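Novice: Right, I'll just put the structure down here and ask away after.
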């Protein structure tokens, strides 16, 4: 019987191997090669030198911290706001279908278009926020030129765009929870908070895990939002691991080290996703 299951899964597994495993193996090989302008873009074996370089690369660790900080803030906000939005959209409100459609519009926009829009909104001094503050005599806020503020602006732009995606996943989970459970809890005199803690969150755990892992993978690999909104600045304070790998390949033409950075970021992703998934599951199932 088990072989039938593997047979049914074979097309999907082969597809995953083609689009994921094969490139990863190529990057693993490339990380052991020197392929730069100095080598005439011809791969030359150098063993583990790229990995030693990565380990001692202060910029890589700085970008790792910045990517983790961005991911923790944005994904944390998205999970909280997405759950709140899903609970609201699950209520029997008038015009609920229209509200659900409107709520998905930020997620439907291309990331580049959205990032350009937020870049204009955050512009100093011509953006609408700073223009309004100037009219009120409050001065302007350097959203895109102060390292302590710029990363928060990037978090806000990412949260605005992807919260509807989290809400959509959690809304699907809410619709699969039997209403009989809430009716039985009401007969026992359960409060809304008790319903949320004892019924909704435990039964929503698989959907929360899926949303968390999807968003962590996307946030830890963020590239287009940062590239368009801040370009990694000011002074590299918002540069992500994906942007660093891109710069090594396309600006510095160091393809071997770019592959090493990508694999290093993949290891970071696996560790963070595993810890976050185990932590969320343990907290919700207590």
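In this note's numbering, the protein residues as written are 309 to 594. Just so it is clear, CB atoms sit at the ideal spot from N, CA and C, and this is done for glycine as well. Please read these numbers as outputs of a predicted model, since none were measured by experiment.
Roughly how far, in whole angstroms, is the beta-carbon of residue 536 from the beta-carbon of residue 424, given that I think they are within contact range, below 8 angstroms?
Specialist: 6 angstroms
Novice: Rounded to whole angstroms, what's the CA-CA distance from residue 354 to residue 341? Just pull it up for me.
Specialist: In a straight line, the C-alpha of residue 354 is about 5 angstroms away from that of residue 341.
Novice: With a cut-off of 8 angstroms on the beta carbons, I'd call residue 542 and residue 453 a contact; round off their distance for me.
Specialist: 5 angstroms
Novice: Can you tell me which of 504, 564, 475 puts its alpha carbon nearest to the alpha carbon of residue 489?
Specialist: 504
Novice: Compute the Euclidean distance between the alpha carbons of residue 511 and residue 485, then round it to the nearest angstrom.
Specialist: 7 angstroms
Novice: Going along the chain, which unbroken runs of the beta strand (DSSP E) with 3 or more residues stay wholly within the region 465-504?
Specialist: none
Novice: Measure the alpha-carbon distance for residue 600 versus residue 419 and round it to whole angstroms.
Specialist: Nothing about residue 600 can be read from this structure; the chain reaches only from 309 to 594.
Novice: Out of 357, 586, 567, state which residue places its alpha-carbon closest to the alpha-carbon of residue 334.
Specialist: 567
Novice: Taking all protein chains shown into account, do 16 or more other C-beta atoms lie within 10 angstroms of the C-beta of residue 327, making it buried, or fewer, making it exposed?
Specialist: exposed
Novice: Bridge partners for residue 404 per DSSP, in chain order?
Specialist: Under DSSP, residue 404 shares a beta bridge with no residue.
Novice: Quick one: what does DSSP say residue 353 is sitting in, helix, strand or coil?
Specialist: Collapsing the DSSP output to three states places residue 353 in a strand.
Novice: What are the boundary residues of the alpha helix (DSSP H) that includes residue 319?
Specialist: 310-324
Novice: In three-state DSSP terms, what is residue 399?
Specialist: coil
Novice: Between the C-alpha atoms of residue 337 and residue 516, what's the straight-line distance to the nearest angstrom?
Specialist: 36 angstroms
Novice: Three-state secondary structure (DSSP) at residue 584?
Specialist: helix
Novice: Three-state secondary structure (DSSP) at residue 543?
Specialist: Shown here, residue 543 sits in coil according to DSSP, grouped into three states, outside any helix or strand.
Novice: Ignore the nearest five residues each way along the sequence and tell me which others in residue 382's own chain have a CB closer than 6 angstroms to its CB.
Specialist: 463, 466, 467, 527
Novice: Flag this pair as yes or no: are the beta carbons of residue 343 and residue 523 separated by less than 7 angstroms?
Specialist: no
Novice: Nearest-angstrom Cα distance between residue 509 and residue 492?
Specialist: 17 angstroms
Novice: Checking the sheet assignment: what are the DSSP bridge partners for residue 342?
Specialist: The partner list for residue 342 (beta bridge, DSSP) reads 352.
Novice: Is DSSP giving residue 612 helix, strand or coil here?
Specialist: Beyond the ends of the chain as shown, which are 309 and 594, falls residue 612; an answer cannot be given.
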